[in-house]
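Q:
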Amino acid sequence: MARASPGCWPPAAPELPGLRGPLLRLSPPPLLLPLLLQLLLLPAGSRALEETLMDTKWVTSELAWTPHPETGWEEVSGYDAAMNPIRTYQVCNVRESSQNNWLRTGFIRRREVQRVYVEIKFTVRDCNSIPNIPGSCKETFNLFYYEADSDVASASSPFWMENPYIKVDTIAPDESFSRLDAGRVNTKVRSFGPLSKAGFYLAFQDQGACMSLISVRVFYKKCARTIASFALFPETLTGAEPTSLVIAPGTCIPNAVEVSVPLKLYCNGDGEWMVPVGACTCAAGYEPSARDTQCQACPPGSFKAKQGEGPCLPCPPNSRTTSAAATICICHNNFYRADSDPPDSACTTVPSPPHSVISNVNETSLVLEWSEPRDLGGRDDLLYNVICKKCQGGPGTSGPATCSRCDDNVEFVPRQLGLTERRVHVSRLLAHTRYSFEVQAVNGVSGKSPLPPRYAAVNITTNQAAPSEVPTMRLHSSSGSSLTLSWAPPEQPNGIILDYEMKYFEKSEGIASTVTSQRNSVQLDGLRPDACYVVQVRARTVAGYGQYSHPAEFETTGERGSGAQQLQEQLPLIVGSATAGLVFLVVVVVIAIVCLRKQRHGSDSEYTEKLQQYIAPGMKVYIDPFTYEDPNEAVREFAKEIDVSCVKIEEVIGAGEFGEVCRGRLKQPGRRELFVAIKTLKAGYTERQRRDFLSEASIMGQFDHPNIIRLEGVVTKSRPVMILTEFMENCALDSFLRLNDGQFTVIQLVGMLRGIAAGMKYLSEMNYVHRDLAARNILVNSNLVCKVSDFGLSRFLEDDPADPTYTSSLGGKIPIRWTAPEAIAYRKFTSASDVWSYGIVMWEVMSYGERPYWDMSNQDVINAVEQDYRLPPPMDCPTALHQLMLDCWVRDRNLRPKFAQIVNTLDKLIRNAASLKVIASVQSGCPSHC
């Protein structure tokens, strides 16, 4: 067993009066142990589930760690206030210079974890409190680790140096102690990973400190088994990095069903669950219980018809259930539910019959009226049917009455079945016939009942009816003194037609004459030439005359012949006039079209000039080049044509969507030579590809702002077709930031963001919506000036499955991680959706080019944003900047700031640099309006 020696202290006791023993003696020192016990007995935190791999706090036997050299670290025994033995290591060779004392633990198996944490409790003596020591005294020590597949370490292997050991950190105390205030215990936690071998050793290096290791605990974190959204997620180890997100698949708890898939949670580096994806819910017949961690069956007498989080409900009226987990309550006898009734509706029954049926017979028609049933059966979907029966026999005859269904020619107004009003008009009945009418009351459950609908009946006998009105008459021939007319018989003769009576009179005189005909035609004689006569006819049966037909007018002819002859003579003149008029109209339209086209395509381009409107003095409105009938006209108007002899391509620096991207020089007569970026159109292009390629130049050429990429010109009259822009030495902002991680001050980063916002403010005032604002589309020059670029719209027109950045949606492609929710769901792109994208760009800049939402899939990003998850602040991000990001990510696009407001906010932060020193806490955020 290791001895209890004063190895932690300078050996010359007289120089340190009062310090005559080890840091932890067999009898506890009066100042150190009370505070030590308080710290060792603090309860563990509950933020994450921690599993311990090693903890020396509870070790009672020798630790037997390996020191090097042997005169360095010493194992010391002691007792705490409860007389529990404590094992510690201490070192205090401060009087000798060039100290290099190592202490290595035993082999610690990692249990498949990829990242471990080390909690060290230690005390350090203040060098200033130790007199007469050389300047090599230190108050820090180093923590290392060494991975191995088995316990292979020895006293000489691995070598006692930083390589092969891997350094974790240099540990410094928060407080050191002197002779008078001994006992200040420090606690430090460090982590390292990824680990890949079976286990590892910890090593502590002392280079001249007077200190003691009170305890060492090695542990790892994991997300505890949990239930979220009625899905069970297993215990999950954290990832290899603090920012890692480990996906844990979930399964629905018993008696729950999936409502959206896949089911998964993300376990972050702190052992906390975040961003749930998918959900389950209690199945039909089960309700949530135990704080939404179980789905329990509905008790007898209750039910739950649909899956969901709602509770079980008591059975509705006239229904019951005797078993648990019921999804529907069964109706009592003689009660029913209609097919369209929801399962939670009350059971109902059929209505009672109508009452007080009244009939009013008028010859061969009648009107039936009735009152509502006294019992509606508990429903409000009451309808009525009228059943017509024709009867023979009965009272006054030799036999009983027999009834049969009426013929199909009987007419019911408004209809026979499904009546909503309590009145019907029945016509086209036979004269002197007995009828029985049954008025049924039905509702939505009448078809469920085995019994026929209840009804009230009424019996009537029709009277004789006169014939109906005669249809319209026709003219067969006309002369100067006669008219020959005919007509069809009445549709309802109601008996045998005896004859027809015709009434006629000259329209100018009004004195009527009558004539009778046995047939349905007549010739009227003795008329005046060129006269107009009004004629009506009616039929007669034994029941009398029917009604006269509608008046009809006919003309007799004059000396020049009949009206038909006159029309025949005038027909060629009419046709000729109409043809001439049509030809004249066609000529006028053709001349107008030709003039309009000449005017539209004239050399002065008046059509284009009219499009150059102004919304404010000096501020032009952006013109979409795709509105031009000829896209080449837009290129000629907004982009300068450059002679290819002025362009010199030096090297290929990348590949664009349509071809190669090159660096080159542009030397135009009378101007200084410029470095330019050159986009080329690959050979074999289609006309549509050429139009889409040059559309970016037509767009860029309309902009003039220091934070918008400048168009130098285009080459369209030779091959290859080129677009020339100013050359940006540092290329895309995202890759530039990743290459220079941590190299800029906060003020420099805010200055970059201010430039991007100023460029977007200019575009928004031009009424231009970018749609693809991201750090990859921001270019940086040698002066760190950021400029908005990439105005090509073709990516929204064609899909490229190989590019995961853009996801197809509604026929186009959308950069999901940078796009506002309304633009993803409804293709609603506005300046407000650009503001959302700008917030993502802010996050990219402050995280030095980190990928937004890390390795989450695009669908997981959509789900997370829909559930109001927002990106947390990047490391060392000022609170004011993260709050501005959250303002850009407000769900209601009308509440997001305008780019002019964003520029003003950034200007204020730049002027007041102190406001950028408040660092945001590393927690995901959500604005109050999200």
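What the sequence shown shows, in mature numbering (1 follows the signal peptide of the UniProt record, and there is no 0), is residues -48 to -1, 1 to 882, in sequence order. We treat Cβ as the ideally placed atom computed from N, Cα and C, and that holds for glycine. Computed from a predicted structure; not experimentally measured.
(1) By the three-class DSSP mapping on this structure, what secondary structure does L(-13) have?
(2) Whole beta strand (DSSP E) runs in the segment 387 to 469 with 3 or more residues, listed along the chain?
(3) What's the gap between the Cα of A483 and the Cα of Q499?
(4) Run through DSSP, which three-state label would F96 get?
(5) Whose C-alpha, out of S181, V168, V702, is nearest the C-alpha of L833?
(6) Under the three-state reduction of DSSP, which class applies to V573: helix, strand or coil?
(7) Could you compute how far the alpha carbon of V793 sits from the alpha carbon of A180?
(8) Output yes if chain B places a C-beta closer than 8 Å to the C-beta of F144; else output no.
(9) Excluding the 5 residues preceding and the 5 following A591 in the sequence, name in chain order all residues of the same chain whose CB lies nearer than 7 Å to its CB.
(10) In whole angstroms, give me the CA-to-CA distance for G145 and D158.
(11) Can you have a look at N864 and say buried or exposed, based on whether 16 or more other CB atoms are within 10 angstroms of its CB?
(12) What are the boundary residues of the alpha helix (DSSP H) that includes M674?
(13) Could you pull out every residue in the same chain whose Cβ sits closer than 7 Å to the Cβ of P228, ignoring the five residues on either side in sequence?
(14) I'd like to check one pair, V410 with Y456: are the Cβ atoms closer than 8 Å?
(15) If you drop the 5 nearest sequence neighbours on each side, which residues of the same chain put their C-beta closer than 6 Å to that of P201?
(16) Express the C-alpha separation of D222 and G191 in angstroms, rounding to a whole number.
(17) For the segment 692 to 747, which segments carrying the beta strand (DSSP E) assignment without a break, of at least 3 residues, lie completely within its bounds, in sequence order?
(18) Just verifying my parser: in three-state terms, what is the DSSP assignment at R615?
(19) If contact is defined by three or more beta carbon pairs under 8 Å, each pair taking one atom from either stretch, is the segment 308 to 319 in contact with the segment 373 to 393?
(20) Could you check what DSSP says for A383 in three-state terms: helix, strand or coil?
(21) Spatial neighbours of Y714 within its chain, please: CB distance less than 8 Å, with the 5 preceding and 5 following residues excluded, ordered by chain position.
(22) Taking the alpha-carbon of R588 as reference, which of R640, P804, L646 has the nearest alpha-carbon?
(23) Just to confirm, is the Cβ distance from A161 to T92 under 8 Å?
(24) State buried or exposed for V540, treating a residue as buried only when at least 16 other CB atoms are found within 10 Å of its CB.
(25) Looking only at its own chain, which residues have a Cβ that is under 6 Å from the Cβ of Y452, when we skip the five neighbours before and after it?
(26) Using DSSP's beta-bridge definition, name the partner residues of P266.
(27) Which residue from S438, D595, P266 puts its Cα closest to that of C250?
(28) So, helix, strand or coil for residue 908, using DSSP?
(29) Can you tell me whether G87 is buried or exposed, with buried defined as 16 or more other CB within 10 angstroms of its CB?
(30) Would E26 be called buried (16 or more neighbouring beta carbons within 10 Å of its own) or exposed?
(31) Spell out the partners DSSP gives R142 in its beta bridges.
(32) F182 by DSSP, collapsed to three states: which one?
(33) Would you be able to state if there are at least three C-beta pairs under 8 Å between the segment 629 to 639 and the segment 666 to 677?
(34) Beta strand (DSSP E) containing residue 883: first to last residue?
(35) What first and last residue would you give for the beta strand (DSSP E) that runs through G237?
A: By the coordinates alone:
(1) A caution first: L(-13) carries a pLDDT of 34, below 50, which makes its placement in the model unreliable, though a value can still be read off. Helix.
(2) 407 to 413, 426 to 430, 435 to 438, 451 to 458, 464 to 469
(3) 26 Å
(4) strand
(5) Per the Cα distances, V702.
(6) Reduced to three states, the DSSP call for V573 is coil.
(7) 32 Å
(8) Although the question refers to chain B, the structure presented lacks it and comprises just one protein chain.
(9) Excluding sequence neighbours, A591 sits near A649, S650, G653, L663, G665, V666.
(10) 23 Å
(11) exposed
(12) First-last for M674: 674 to 678, but that is the beta strand (DSSP E), not the alpha helix (DSSP H).
(13) Same-chain partners within the cutoff: A180, S181, L217.
(14) Using a Cβ distance threshold of 8 Å, Y456 and V410 do not count as a contacting pair.
(15) K216
(16) 9 Å
(17) 730 to 732, 738 to 740
(18) strand
(19) yes
(20) coil
(21) F655, H657, N659, I660
(22) L646
(23) yes
(24) Low per-residue confidence applies at V540: pLDDT is 44, beneath 50, and the placement is therefore not dependable, though the value from the model is reported in the following sentence. Exposed, since its Cβ has fewer than 16 Cβ neighbours within 10 Å.
(25) S469, V489, A491
(26) S254
(27) P266
(28) Nothing in the structure corresponds to residue 908, since the chain is present only between -48 and 882.
(29) exposed
(30) buried
(31) V70
(32) coil
(33) Touching, per the Cβ criterion.
(34) This structure gives no information on residue 883, because the portion of the chain shown stretches from -48 to 882.
(35) Counting along the chain, G237 falls outside any beta strand (DSSP E), and DSSP gives it neither H nor E.
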